[in-house]
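Numbering (the working numbering), first residue to last: 6 to 377. A virtual CB, placed ideally from N, CA and C, is assigned to each residue, including glycine. Remember, it's a predicted structure, so these values are computed and weren't measured experimentally. Read through the structure below, which is laid out as C-alpha cells, and then see the notes.
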C-alpha cells in the first residue's frame, strides 16, 4: 500500500477525493522521479507482468492483468472486440418471403445471429473468391405456417391455433458444401436455439439460403466474438484509523455489499475491508463528515480487472489468456529492416505497407448491408 502523499502514491495510485480525482496521468517515465529507475526493461516487465483468472464459466471470463500501462490494457480490449475472427451470415438469398418482415430486415436479423463454428477451420473470403467448402458455411431456413387441426375451437392462443407460427434460430439447418460433412467433424449451428426471427400466420412462409463467412469485428460488429469487453482499475480502500460501533455500521452501508465487514474484537464492533474489488466507488462515504477523513479511496494504476462476455464459437476457456501466450515484441530499427527484407514491407514513414501483390489478402470489406 502506498502511503498518502508519497512518491509511490503519485506513481502507482489514482486517488478519488470528495471533489475530484488526483494522479490521473501516468508519470512513471524515465527521469521524472529521482531515485526511481522507470526506464522500460523487457526482463523487468516479464517479471512483474501476470494474468490471474478470477472467474470463468461458459459465457463469462473475469481476469486480472497486472503490470501494464493503460494503452496496452486498452489494446487487449480492442483486440478482443475487433481483431478476433468469427463466422457470421454475410449473404442471404431470398427465394420466398411472404411474412410481414421485409427481405432486408430479415437478412439483417439473420446476420446478427451468432454461429457456433470455429473460424480456424476456414479461410477468409475475398470478393473475387467463389463460395466453396474452405471459405463458406451454408445454412437454409425453410418454414411454413399452417393451422393446427387439433386446436380447440374456442382457443385464442396462437401457440395452439397455428403450427410453426414462430420462426426461431433453431430452424436454421446446416447444408454442407463439398466435402464438409466428411472432413469437418463439427455440428455447425446457431449458438442459441431460441432467438426469435419472425412470426408467421397460416399460408405465410420463409425460404432463404444463407452464406456464412469468416470476418473480424473491425469490418463489421456481427463478427465480434464478445458481446462486451470492459476493464477497470482495481479498487483500493484504506481505513486510516479504526472505526468502531455505530460508525462502523454506517461505514458498511456506504459501500457495495461484501466490501466492508464487521468483526467482533473484545466485545467491540470493528470495521475492516473484506473485498475492495467488489466496490463500484459511489463515494457515498463523502456524505458523512465524520467518516470521510477516515477512509482513503484509490485505484491501483497498473492492475486492470477485465470482464468479457463471450458469444459465438468462442468459449471463455478458449479466450483465456495466460502469461506464456502473451509475447512482448520489441520493435527496433534492426527488426524493422529484417521484417522489410523478409516480407517486402515498405516501412518508410513509420508505418509498414505490404507490397501490392499481397494487399487485400485475407481481408474483405463487410461494412455493407448483410442482405445486399
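Residue i (DSSP reduced to helix, strand or coil)
i, result
"residue 196", "coil"
"residue 77", "helix"
"residue 227", "helix"
"residue 102", "strand"
"residue 11", "coil"
"residue 185", "helix"
"residue 16", "helix"
"residue 378", "Nothing in the structure corresponds to residue 378, since the chain is present only between 6 and 377."
"residue 30", "coil"
"residue 2", "Since the displayed the chain opens at 6 and closes at 377, residue 2 lies outside it and no answer follows."
"residue 215", "strand"
"residue 206", "coil"
"residue 191", "coil"
"residue 371", "Because residue 371 carries a pLDDT of 31, less than 50, the predicted location of this residue cannot be relied on, and no value is offered for it."
"residue 239", "strand"
"residue 22", "coil"
Beta-carbon gap between residue i and residue j smaller than 8 Å
i, j, result
"residue 70", "residue 81", "yes"
"residue 148", "residue 95", "no"
"residue 278", "residue 247", "no"
"residue 296", "residue 215", "no"
"residue 72", "residue 55", "yes"
"residue 205", "residue 170", "yes"
"residue 179", "residue 158", "no"
"residue 140", "residue 132", "no"
"residue 288", "residue 302", "yes"
"residue 108", "residue 101", "no"
"residue 260", "residue 284", "yes"
"residue 235", "residue 312", "yes"
"residue 183", "residue 86", "no"
"residue 43", "residue 34", "yes"
"residue 213", "residue 97", "yes"
"residue 242", "residue 264", "yes"
Proximal residues to residue i (C-beta, below 8 Å), its chain only, five neighbours per side dropped
i, result
"residue 239", "69, 281, 282, 304, 305, 308, 309, 310"
"residue 168", "150, 151, 152, 153"
"residue 273", "249, 250"
"residue 165", "153, 156, 157"
"residue 173", "198, 199, 200, 201, 202"
Other residues of its chain near residue i: CB distance less than 7 Å, five sequence neighbours each side excluded
i, result
"residue 207", "150, 151, 152, 167"
"residue 78", "70, 236, 309"
"residue 268", "275, 277"
"residue 104", "203, 205, 209, 211"
Close-in-space but distant-in-sequence residues of the same chain around residue i (CB under 6 Å, 5 per side omitted)
i, result
"residue 237", "310"
"residue 163", "170"
"residue 88", "221"
Heavy atom of the ligand NAP within 7 Å of residue i beta-carbon
i, result
"residue 268", "You won't find the ligand NAP in this model; it holds no ligand whatsoever."
Below 8 Å, can you find three or more Cβ-Cβ pairs linking the stretch 28–45 to the stretch 10–20? In short, these stretches touch, since the Cβ pair count reaches three.
Segments assigned alpha helix (DSSP H), at least 4 residues, entirely inside the stretch 36–94: Runs found: 47–53, 75–87.
Restricting to runs no shorter than 3 residues, where is the beta strand (DSSP E) found entirely within the stretch 249–303? Complete beta strand (DSSP E) runs here, min 3: 265–270, 273–278.
Enumerate, from N- to C-terminal direction, the unbroken beta strand (DSSP E) stretches of 3 or more residues contained entirely within the stretch 107–163. 142–149, all fully within the stretch 107–163.
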